[in-house]
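Notes to accompany the following structure.
There are 2 protein chains.
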Amino acid sequence: MSSEKFSFSLLKEDHQARLGKINTYRGKIDTPTFMPVGTQATVKSVFIDDLIMTGSQIILSNTYHLMIRPGVERIKRVGGLHEFMNCNLPILTDSGGFQIMSLSKFVKIDKKKGAIFNSHIDGKKFILSPEESIKIQKDIDSDIIMVLDECPKLTNDKNIINKSLDVSIDWAKRSKIEFGDNPKKAIFGIIQGGIFKDLRMESLEKTKEIDFDGYALGGLAVGETQKQMFKVLDDIVPSMPKNKPRYLMGVGTPKDLLGAVKRGIDMFDCVIPTRAGRTGLAYTWQGKINLRNSKYQKDDTPIDQDLKIKNLNKYSKSYINHLINSNEILASMLLTFNNICFYQELMNKIRENIKNNTFDEFYNKYIGII
Amino acid sequence: MSSEKFSFSLLKEDHQARLGKINTYRGKIDTPTFMPVGTQATVKSVFIDDLIMTGSQIILSNTYHLMIRPGVERIKRVGGLHEFMNCNLPILTDSGGFQIMSLSKFVKIDKKKGAIFNSHIDGKKFILSPEESIKIQKDIDSDIIMVLDECPKLTNDKNIINKSLDVSIDWAKRSKIEFGDNPKKAIFGIIQGGIFKDLRMESLEKTKEIDFDGYALGGLAVGETQKQMFKVLDDIVPSMPKNKPRYLMGVGTPKDLLGAVKRGIDMFDCVIPTRAGRTGLAYTWQGKINLRNSKYQKDDTPIDQDLKIKNLNKYSKSYINHLINSNEILASMLLTFNNICFYQELMNKIRENIKNNTFDEFYNKYIGII
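Same order as they appear, the protein sequences are chains P and C. Plus 45 on top of the position in the first sequence (first one is 1) and you've got this note's numbering. Plus 45 on top of the position in the second sequence (first one is 1) and you've got this note's numbering.
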């Protein structure tokens, strides 16, 4: 355990790209950082020990999924999520806002009561208030807690977004109050506002007023184009507090990460590397490749000659192609591991280049390839 | 690499149970040994490095599966199966006889040409002669090669078994000739004869005449009762050569292994520990448990408090139950690893007890439990 108090240090800027360090009760996190996603209390297809070998320093898990299955009690009674899933890394938990929008079968938003929804597993009815979401995240002993937000689907209807902002700000205030005084943990606010600059700015200002340990951009990676997403970053990031971590939720591809770091983002999470690994896709420094393709039957070279961790460079593309075609679990295990390694190597190189004032060169070299 | 020549040393006998050591070009194997099954060039759900951590010293793979997919050429061109699947352990390959009986859609046995069958994957027609089976096993650089046998389904019809013996003995001779002089490798004969003592004895005598590096009992674990199987062992094993490894193919449960070691068997292979792991079953020193059972939702203890390898004792039954219910791959990974660990720990204890002349006490203590 490092120093118990949550803190963020901005160590270096290279134009708008930032090098920093987050201190948590459970360990330090070098930023910009990528958080592998452990939705159901496991990062799919990876042992935690192996995940740590990739250089991952924090993972994300989901209040929505955990409250539905296995339920909070089973996690709480063993001391929290770290003990339940046998993970010593810091854990950030999403509040449930995004999953209620994207997964549950019926949602009614009641500003006072919370989000009323039916589980996507068995239809069981749940009510998630901001207080309840924070209480759950504290009960499962999350290190970085997210406020409950109303996360509208992508829309061009400004009225819908405007109306949801009112709810989200109210819920953010109540989330902060419920969080209370808890220096071992952090609570992050979430900025909404869709693709509208004035609404994003309004959300940012009101969220800043509440005062959080970090600020996230929510309501992105919901179907908008990359150009629209970067436009929001260009509009908003320069006005975000400099001395707090900036977290772009649910993003993204390697190109997304490069573009968002360039615009001043510090934290990311995304299912892309793990999900891609389970569908036969490998991220490499020469771009993404689909190992299902029959041309790899003839390719005896490894995905990456330099990837010596866990002997990954000893497995040929032909072999992995065979594993995929034979529905072998080892294919998912190898490719997931490869992809998380790639993402963490990317973040590592990003940090090095910011440190050396060479981020723009690095960006220009790889933005067209990876 | 150890000494290049294949050999077997019988180190100790405790009644009929035997402690021995097999020397192969790729490493030593302490017997009695259990070989995890890597049918499709992977032991399902396990990294090879982790498999080695369980104490596994040799694995089994299947000529039948590999010739169909990915095909021999892809394996041969990288130097063999060890290179293809990135495995430095010795590999024993089954000849295809058993799988042609159990899996393929149509089989015609032509004593001269071989087994004519259609692939269970795509119906493609193959002809596997004894010469071809051995050639494939040499091409993929197997360390222990099995003769091609005709493996009839379980039957009480003595004529069927009798007729198949004639084919199997002819194929065994041709297999031995095709194998030729190859001191870095071994070739094992397979004794057939169903549940009939006289046919088993005839098969044993004729197989011994051909002279192999080891002798396997085939045509068991095909549906007969454990009592019938042990009767065959009681009938035959005392007449098997003492100075050669004795291999009981496709067996079995922990109880099967205890009973067969007691009767003088040295080698085993079986899909049970790996397959069970993928269906929520865990082998323990208190017996087999089904972690799907909802009672484990309330059980925060590990499967085995003493199983510290890869922190297996840090995962609770409640957590694994959650992973199974959530269809998480980590459930298969953890349980497969647990089960191979259990099997190898069992073999290790078996060897220790033979060494200490206490095998019978060990057998009596656990035969009713595991």
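Glycine included, C-beta positions come from ideal geometry on N, C-alpha and C.
Please list the terminal residues of the continuous alpha helix (DSSP H) segment that includes asparagine 409 of chain P.
404-411
Against chain C, does isoleucine 374 of chain P count as a neighbour if the rule is that its beta carbon must be under 9 Å from one of theirs?
yes
Under 9 Å between the Cβ atoms of proline 115 of chain C and asparagine 372 of chain P?
no
So which residues on chain P does aspartate 351 of chain C lean against when the C-beta distance must stay under 8 Å?
Within 8 Å Cβ-Cβ: nothing; aspartate 351 of chain C doesn't reach chain P, min ~17 Å.
Proximal residues of chain C, C-beta to C-beta of serine 377 of chain P below 8 Å
Ile374
What residues from chain C crowd round tyrosine 360 of chain P, counting only those whose CB sits closer than 9 Å?
Met130 and Asn131
Which listed residue (P:Glu195, P:Ile222 and P:Ser54) has its alpha carbon closest to that of glycine 239 of chain P:
P:Glu195
If we ignore side chains and look at the alpha-carbon of each, how far apart do arginine 71 of chain P and asparagine 133 of chain P end up?
7 Å
Would you please verify whether the beta carbon of asparagine 107 of chain C is less than 9 Å from any beta carbon of chain P?
no
Nearest chain P C-beta to valine 117 of chain C closer than 9 Å, yes or no?
no
At least three beta-carbon pairs within less than 8 Å, the segment 166-178 of chain P to the segment 186-193 of chain P
yes
Output the distance between the C-alpha atoms of alanine 327 of chain P and proline 318 of chain P, rounded to the nearest integer angstrom.
8 Å
Compare the C-beta of arginine 337 of chain P with all C-beta atoms of chain C and state if any pair is closer than 9 Å.
no
Given a limit of 9 Å on CB to CB distance, which residues of the segment 317-341 of chain C reach chain P?
Arg323
Give me the Cα-Cα distance between asparagine 107 of chain P and arginine 291 of chain P, rounded to the nearest whole angstrom.
19 Å
Taking buried to mean at least 16 other C-beta atoms within 10 Å of its own C-beta, is isoleucine 412 of chain P buried or exposed?
exposed
Pairing CB atoms from the segment 339-357 of chain P with CB atoms from the segment 306-323 of chain P, are three or more of them under 8 Å?
no
Entirely enclosed alpha helix (DSSP H) segments - the segment 251-338 of chain P, minimum 4 residues:
271-281, 299-307 and 317-323
Output the distance between the C-alpha atoms of proline 283 of chain C and leucine 111 of chain C, rounded to the nearest integer angstrom.
35 Å
Does DSSP put leucine 193 of chain C in a helix, a strand or coil?
coil
Go ahead and label leucine 56 of chain C buried or exposed: buried means 16 or more other beta carbons lie within 10 angstroms of its beta carbon, across all protein chains shown.
exposed
Is any heavy atom in the ligand MG found nearer than 8 Å to the beta carbon of glycine 234 of chain C?
No copy of the ligand MG appears in this structure; indeed no ligand is present at all.
Please compile the residues from chain P whose C-beta is within a distance smaller than 7 Å of the C-beta of aspartate 139 of chain C.
In chain order: nothing, as chain P lies at least about 17 Å away.
Quick one: Cα of glutamate 247 of chain C to Cα of arginine 337 of chain P, how far?
50 Å
Kindly list the residues whose CB is nearer than 6 Å to the CB of glutamate 397 of chain C, restricted to its own chain and excluding five residues on each side of it in sequence; keep chain order.
none
Arginine 114 of chain P: contacting residues in chain C (beta-carbon distance under 8 Å):
His367, Asn370 and Ser371
Within 10 angstroms of the Cβ of isoleucine 236 of chain C, are there 16 or more other Cβ atoms? Answer buried if so, exposed if not.
buried
Whole angstroms is fine: what's the gap from methionine 46 of chain P's alpha carbon to phenylalanine 79 of chain P's?
In this prediction, methionine 46 of chain P scores a pLDDT of 48, lower than 50, which makes its location untrustworthy; no coordinate-derived value is stated.
Name the two residues that bound the continuous beta strand (DSSP E) containing serine 213 of chain P.
Serine 213 of chain P -> not in any beta strand (DSSP E); alpha helix (DSSP H) instead, spanning 203-224.
Taking the DSSP output, what are the residues bridged to alanine 397 of chain P?
With the sequence shown as reference, residue 397 of chain P is identified as glutamate, and alanine is not the correct amino acid for it. Its beta-bridge partners do not exist; DSSP assigns none.
Roughly how many angstroms lie between the CA atoms of alanine 261 of chain C and leucine 96 of chain C, to the nearest whole one?
24 Å
Measuring alpha carbon to alpha carbon, tell me which of P:Val117, P:Tyr360 and P:Glu269 ends up nearest glutamine 342 of chain C.
P:Val117
With a threshold of 9 Å between beta carbons, is asparagine 345 of chain P in contact with chain C?
Looking at the sequence itself, residue 345 of chain P is aspartate, so the reference to asparagine does not match. Interface residue, yes.
Is the beta carbon of alanine 266 of chain P closer than 9 Å to that of glycine 295 of chain P?
yes
Using 10 angstroms around the beta-carbon of asparagine 384 of chain C, count the other beta-carbons present and answer buried if the total reaches 16, otherwise exposed.
buried
Is it true that the CB of aspartate 167 of chain C sits closer than 9 Å to the CB of isoleucine 161 of chain C?
no
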